[in-house]
Amino acid sequence: MQKKKTVVLQKHGNMMVVNPTNDEIFNLLKPVLSFTEKVTHRAEALRERKMQGLGQFEQVEHTLLEIDYKERIATMFGFWKLIRDTLKRSGYEVKFKDFSPDPGDTFKPYWKNISQYDLREGQPEFVKKVLTNRCGRIDCPTGFGKSFMIGIIAALLPKARIDVITTKLSVLRERIYPELQHMVGDVGIVCTGKNIRNKRVMCWSARSLHKAEADADIVFGDECHELAADSAAAQLVRWQKSRNFGLSASHNMRYDGKDHRMHGVFGPIIYKVSYSEAEAANLVVPIRCKWSSVNLDVNPASRVDSGDSVGLKRHGIWRNDYRNAIIAEDARSYDKDTQVLIVVETIEHAMNLKKHLPEFTLVYRENGILERDKQKFVKQGCIKPSEPIVDMDLRQKRTKDFESGKLKKAIVTSIWNVGVSFNKLQVLMRAEGSSSSINDVQIPGRVSRIHDGKEYGVVHDYLDQFDARLARRASKRATNYKQMRWDQDFPDTSPLKKKLGYE
14 MQKKKTVVLQ
24 KHGNMMVVNP
34 TNDEIFNLLK
44 PVLSFTEKVT
54 HRAEALRERK
64 MQGLGQFEQV
74 EHTLLEIDYK
84 ERIATMFGFW
94 KLIRDTLKRS
104 GYEVKFKDFS
114 PDPGDTFKPY
124 WKNISQYDLR
134 EGQPEFVKKV
144 LTNRCGRIDC
154 PTGFGKSFMI
164 GIIAALLPKA
174 RIDVITTKLS
184 VLRERIYPEL
194 QHMVGDVGIV
204 CTGKNIRNKR
214 VMCWSARSLH
224 KAEADADIVF
234 GDECHELAAD
244 SAAAQLVRWQ
254 KSRNFGLSAS
264 HNMRYDGKDH
274 RMHGVFGPII
284 YKVSYSEAEA
294 ANLVVPIRCK
304 WSSVNLDVNP
314 ASRVDSGDSV
324 GLKRHGIWRN
334 DYRNAIIAED
344 ARSYDKDTQV
354 LIVVETIEHA
364 MNLKKHLPEF
374 TLVYRENGIL
384 ERDKQKFVKQ
394 GCIKPSEPIV
404 DMDLRQKRTK
414 DFESGKLKKA
424 IVTSIWNVGV
434 SFNKLQVLMR
444 AEGSSSSIND
454 VQIPGRVSRI
464 HDGKEYGVVH
474 DYLDQFDARL
484 ARRASKRATN
494 YKQMRWDQDF
504 PDTSPLKKKL
514 GYE
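Residue 516 is where the sequence shown ends in our numbering, and the numbering goes up by one at each step.
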């Protein structure tokens, strides 16, 4: 019997070396350590591509490995399981050797430090996975309590220095940092407008990562799928002595294929809680999706070029007065004590909805419009001259008012899409009409939070049947909702009712 070939996976910090290598090993590993990026072009560039006979998307291949001077393959440690399994399937014997320095008692848990906390079902498993793995991604739905769990780990491991990283500036400043400060105390933050350093637990915005020493013992990437963007991913590889854990409910859902980078940085998925499992464990409430039909005799987006995504949304969604009136009618079907949130993509759409719903409060990124923009919307009849421009203080106040339940009715741009907790939110209306798999999980998740007397959350969505492109997006959203096992209520005339098995 032929002796198996042996390959050693050598861990050097957060880099891994495959030793030795040869043409066969390289050809086995290159496909699994590569991804194809789908690049979307703007309308002008897209028209030029069409004139050249090229497709709508450009495919760019990225290879996440290098061959060093000794002809060994070097890559990110997070790929260790993928590499091991690939080589084993081809008959190689795989061994593992860790050249990282001894961490001492850095990762020794002090259980008495968390004795005052009651962990809900599924959360003890989270702790166990972090304590027993060198890296990994954790897939948990909105409402699971990710910030709380980071605080639990920080309290449990008082000798470990921890970096928490996210792309969401408002989430970092107004949710993650305050919660960790309350639970741990010794917490710093570096982001726009804040510079508190030299703390055991540090919170970093993705844009501030170049200021970090990158010497933490543990890294938590919050909504880590967003950290796959070029600039953040390039910074993350600087952390070489840390155990990396990526948290998200949207792993492997990016349309551009860059999720594979986060596999390398944070590792394989080591723990997953599905929405139905979280619901059964009373971590979240059931979600019910209610669909309304939008039928028009004339398509307002009919003359929009097939590659002009902004034009399609502007005429088909943002300025579609008939569609906005339907949304307003649904919003007003709830009494004054029911908290309702309408989600839009742009301030332009928010303003056009505000015209129909003057009693709703606008929330958008601070200084999102200038005075001249405001005057334009006043002239169009969307807002009154007394309507203030949202600055940071006003946005933070309206966020806190909504979280507390004081503010009942709001129209918000994507600034609240991810990472903000609204326990009292009962009804969410998806007015934006997007078709992102990530958004189809994250946005409805806003109504999933447990709260006294809240039996379920309601999500309103819209079947834009007047335009084939928008209709396909609605169909994709419905399909993604079905994958989450959420109840859906369709109009009797909708073919999706039968297609998706809701008859």
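We put the beta carbon where it would ideally sit given N, CA and C, even for glycine.
The structure presented is a predicted model; accordingly, all values stated were derived computationally and were not measured.
Self-check item: Inter-stretch contact at 8 Å, needing at least 3 Cβ pairs: the stretch 160-176 / the stretch 123-135
Solution: yes
Self-check item: Residue from V31, N452 and R482 with nearest C-alpha to E236
Solution: N452
Self-check item: Distance, L95 Cα to L420 Cα
Solution: 48 Å
Practice problem: Starting from the Cα of K550, find the closest Cα among L509, E290, N295 and M266 and give me that residue. | Solution: Lying outside 14 to 516, the shown extent of the chain, residue 550 is not represented and no answer is given.
Quiz item: Nearest to T205 by alpha carbon, out of L185, Q72 and I300?
Solution: For T205, the nearest C-alpha among the options comes from L185.
Quiz item: What do you reckon, is the C-beta of A487 under 6 Å from a heavy atom of the ligand HEM?
Solution: Ligands in the displayed structure: none, and consequently the ligand HEM is not present.
Exercise. Between the Cα of I463 and those of N436, D474 and N430, spot the shortest distance and give me the residue it belongs to.
Key: Cα-wise, what sits closest to I463 is N436.
Quiz prompt | Closest residue to K150 among G164, F92, I202 and V45 (Cα-Cα distance) | solution = Note on residue identity: the sequence assigns Arg, not Lys, to residue 150. Comparing Cα positions, the closest option is F92.
Quiz item: In chain order, which beta strand (DSSP E) runs of at least 3 residues are fully inside the stretch 129-199?
Solution: Runs found: 148-152 and 175-179.
Quiz prompt | M14 in three-state terms, based on DSSP | solution = Low local confidence applies: a pLDDT of 44 at M14 is under 50, so the model's placement there is unreliable, with the coordinate-based value given in what follows. Three-state result, M14: coil.
Quiz item: Taking only runs of the beta strand (DSSP E) that begin and end inside the stretch 364-390, which ones reach a length of at least 3 residues, in chain order?
Solution: 374-376
Quiz item: Which runs of the alpha helix (DSSP H), 4 residues or longer, sit entirely within the stretch 448-514?
Solution: 450-455, 481-496 and 509-512
Quiz item: Going by other Cβ atoms of all chains shown within 10 Å of its Cβ, with 16 needed for buried, is S399 buried or exposed?
Solution: That one is exposed.
Practice problem: With DSSP collapsed to three states, give me the class of I360. | Solution: helix
Quiz item: Where M275 and I86 are concerned, what is the direct C-alpha to C-alpha distance, given to the nearest angstrom?
Solution: Their backbone Cα atoms lie some 19 Å apart in a straight line.
Quiz item: So, using beta-carbon positions, are A227 and R251 closer together than 7 Å?
Solution: yes
Quiz item: In angstroms, rounded to a whole number, what distance separates the CA positions of P401 and L309?
Solution: 34 Å
Exercise. Give me the Cα-Cα distance between K285 and C153, rounded to the nearest whole angstrom.
Key: 6 Å
Quiz prompt | Given A341 as reference, the closest of A444, K303, G381 and E358 once Cα atoms are compared | solution = A444
Quiz item: Which term fits M14, buried or exposed, when burial requires 16 or more other beta carbons within 10 angstroms of its beta carbon?
Solution: Because M14 carries a pLDDT of 44, less than 50, the predicted location of this residue cannot be relied on, and the following value inherits that uncertainty. M14 comes out exposed.
Quiz item: Does the count of Cβ pairs from the stretch 461-475 and the stretch 382-394 closer than 8 Å reach three?
Solution: Flag = no, the stretch 461-475 and the stretch 382-394 do not touch.
Exercise. Using alpha carbons as the reference points, say which of R97, M162 and F112 lies closest to Y105.
Key: The residue with the shortest Cα to Cα distance from Y105 is R97.
Self-check item: Local conformation of K121 per DSSP, three classes
Solution: coil
Quiz item: Do the stretch 494-510 and the stretch 300-314 touch if we need at least three Cβ pairs shorter than 8 Å?
Solution: Taking a contact to require three or more Cβ pairs closer than 8 Å, the stretch 494-510 and the stretch 300-314 qualify as touching.
Quiz prompt | Beta-carbon proximity of A219 to A245, cut-off 7 Å | solution = Taking 7 Å as the Cβ cut-off, A219 and A245 qualify as a contacting pair.
Quiz prompt | Distance between G164 and I202 (C-alpha atoms, nearest Å) | solution = Linking I202 to G164 through their CA atoms gives a straight-line distance of about 15 Å.
Quiz item: What residues in its chain sit with their C-beta under 6 Å from that of M215, if we drop five residues either side in the sequence?
Solution: D176 and G201
Quiz item: How about L78 and T88: are their beta carbons less than 7 Å apart?
Solution: Taking 7 Å as the Cβ cut-off, L78 and T88 qualify as a contacting pair.
Quiz prompt | S261 in three-state terms, based on DSSP | solution = strand
Quiz item: In three-state terms, what does DSSP make of N126?
Solution: helix
Quiz item: So what does DSSP say about K437, is it helix, strand or coil?
Solution: Coil at K437, not helix or strand.
Quiz item: From K397 to R408, what distance separates their C-alpha atoms?
Solution: Rounded to the nearest angstrom, the two C-alpha atoms are 19 Å apart.
Quiz item: From G446 to A242, what distance separates their C-alpha atoms?
Solution: 24 Å
Quiz prompt | Straight-line Cα distance separating H264 from S183 | solution = When rounded, the distance between both Cα atoms is 22 Å.
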